[in-house]
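So the structure is just underneath, and the comments pick up after that.
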Amino acid sequence: MTRWVAYIQLFSFDLVHKPGKTFTIPDVLSRRPKGEDKEESERDYCDEEEDWIKPHPGFGLKEVNTSKVGKLSRNKTKNIEIPIKQEGFGKHMQEYLNTLKKPQCVGEAYFKRINRRSVSFYIELGQIKRQNQEHPQIAVYNEKAQKHILKTIHE
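Mind the numbering: the sequence shown is residues 1 to 155 in full-length UniProt numbering, read in order.
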């Protein structure tokens, strides 16, 4: 190992960063499908899912009153209730999922985006949730609510 380091140090070179967008050859090579005649190598087992690696539903999470996310949340500093309403994309997605009709005041291109992404979301108890294999995530499209949730989690 030391000989290789000493040998490499004999050369002077400059490192030039190439963004992944412009240098796609390694990415394409690493993602190519296996040929039919290729056998599974010893390293292929690394990509298989291991049951013991999957996270436990509550592992590493702090209890945040999620029953109130999307409805009402109590601000501890002022002791008042702040209604959490979805804004922007979340508001339009919620309206679309509730009615399955194009939200008013939405352009055709924007509606196509909502329609395309709607397969990843569903409504449960008035909340938008993102379908995520085992543990659905509550989607919050409100900057004020996001900051409140992050502050609560990190206290």
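Ideal Cβ positions, reconstructed from N, Cα and C, are used throughout, including at glycine. No experiment lies behind these values; they were computed from the predicted model shown.
Report task. Output the distance between the C-alpha atoms of residue 7 and residue 18, rounded to the nearest integer angstrom. Result -> Numbered from 1 along the sequence shown, position 7 holds the residue referred to as residue 7. Numbered from 1 along the sequence shown, position 18 holds the residue referred to as residue 18. The straight-line gap from Cα to Cα measures roughly 25 Å.
Query raised in the report: Rounded to whole angstroms, how far is the Cβ of residue 120 from the Cβ of residue 97, which I believe are closer than 8 Å?
Result: As a working mapping, residue 120 is identified with position 120 in the sequence shown. As a working mapping, residue 97 is identified with position 97 in the sequence shown. In this structure residue 120 does not touch residue 97 by the C-beta definition: roughly 11 Å separates them, more than the 8 Å allowed.
Query raised in the report: Using DSSP with H/G/I as helix, E/B as strand and the rest coil, what is residue 96?
Result: Working through the sequence shown from its first residue, we reach residue 96 at position 96. If DSSP states are grouped into helix, strand and coil, residue 96 belongs with the helices.
**Report entry** Status (buried if at least 16 other CB within 10 Å, exposed otherwise) for residue 158
**Finding:** With the chain covering 1 to 155 only, the question about residue 158 has no answer from this structure.
**Report entry** Supposed close pair residue 86, residue 94 - CB separation, criterion 8 Å
**Finding:** Within the sequence shown, numbered from 1, the residue matching residue 86 stands at position 86. Within the sequence shown, numbered from 1, the residue matching residue 94 stands at position 94. Approximately 5 Å separates the beta-carbon atoms of residue 86 and residue 94; this is inside 8 Å, confirming the contact.
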